[in-house]
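Read left to right, the sequence shown gives residues 128 to 264 (the working numbering). Positions of the beta carbon are idealized from the N, C-alpha and C atoms, including for glycine. The structure presented is a predicted model; accordingly, all values stated were derived computationally and were not measured. Reviewing the structure listed below.
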Amino acid sequence: MPTPSSNPPGQQNFYEAIGGEETFARIVRGFYQQVRDDDLIGPLYPDQDWEGAEQRLKWFLAQYWGGPQTFSAQRGHPRLRMRHVTYSIGTPEAERWLEMMKVSLDQIEEETLPPAYRAALWEHMERVAAMLINRPV
């Protein structure tokens with residue numbers, strides 16, 4: 128299964144193999160189009176900074192999967208748990224986040240996001256969602 132650093136020298140990394148910034152922008156855009164109207168996790172996002180939230184997620188995903196280091200250059204170390212600790216995230220919120228991310232990923236055609244890459248990306252999303260839960264059931 129592809130990973131952020133599994134490419135042999137001279138070959139495309141994960142980020143490049145799935146279309147780089149354009150593909151990550153599509154994934155993130157599709158996700159945020161759903162979040163804005165969602166009654167469960169929509170309120171966790173600041174109304175005045177939708178564009179900023181979208182940009183930061185795109186930067187993070189691109190960096191993680193071998194793209195430009197823009198997230199770290201602009202925001203420092205990702206520290207995902209620390210950055211999300213002020214938000215009440217339980218299992219329902221994590222599951223909803225995953226549902227919306229799946230819808231967004233499903234909008235990306237297989238030619239751009241082949242099954243092995245889709246599976247690797249999805250496994251990462253599941254790990255992140257579980258890691259960010261900070262509220263007991």
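Taking only the alpha-carbon atoms, compute the straight-line gap between residue i and residue j and give it to the nearest angstrom.
| i | j | result |
| --- | --- | --- |
| Q139 | W177 | 32 Å |
| G169 | A243 | 30 Å |
| R254 | A247 | 11 Å |
| E143 | G194 | 7 Å |
| L184 | P241 | 22 Å |
| T197 | Y214 | 24 Å |
| I145 | T239 | 5 Å |
Please say whether residue j and residue i have beta carbons closer to each other than 8 Å?
| i | j | result |
| --- | --- | --- |
| R245 | L232 | yes |
| V162 | M227 | yes |
| I216 | R153 | no |
| Y191 | A180 | no |
| E148 | A189 | yes |
Going by C-alpha to C-alpha distance, which of the options sits closest to residue i?
| i | options | result |
| --- | --- | --- |
| W186 | V155, L171, Q175 and T213 | V155 |
| P250 | E238, T239 and K229 | Note on residue identity: the sequence assigns Glu, not Pro, to residue 250. With distances taken between Cα atoms, E250 lies closest to K229. |
| R223 | E181, A257 and Q182 | A257 |
| A221 | T197, T239 and L167 | L167 |
| P219 | D165, F158 and G147 | D165 |
| Y159 | G146, Q182, I145 and G147 | Q182 |
| L225 | G157, D174 and E236 | G157 |
- Any chance you could list the alpha helix (DSSP H) runs of at least 4 consecutive residues sitting entirely within the region 148 to 176, in chain order? none
- Taking only runs of the alpha helix (DSSP H) that begin and end inside the region 193 to 258, which ones reach a length of at least 4 residues, in chain order? Runs of the alpha helix (DSSP H) inside the region 193 to 258: 197 to 202, 207 to 211, 218 to 233 and 242 to 258.
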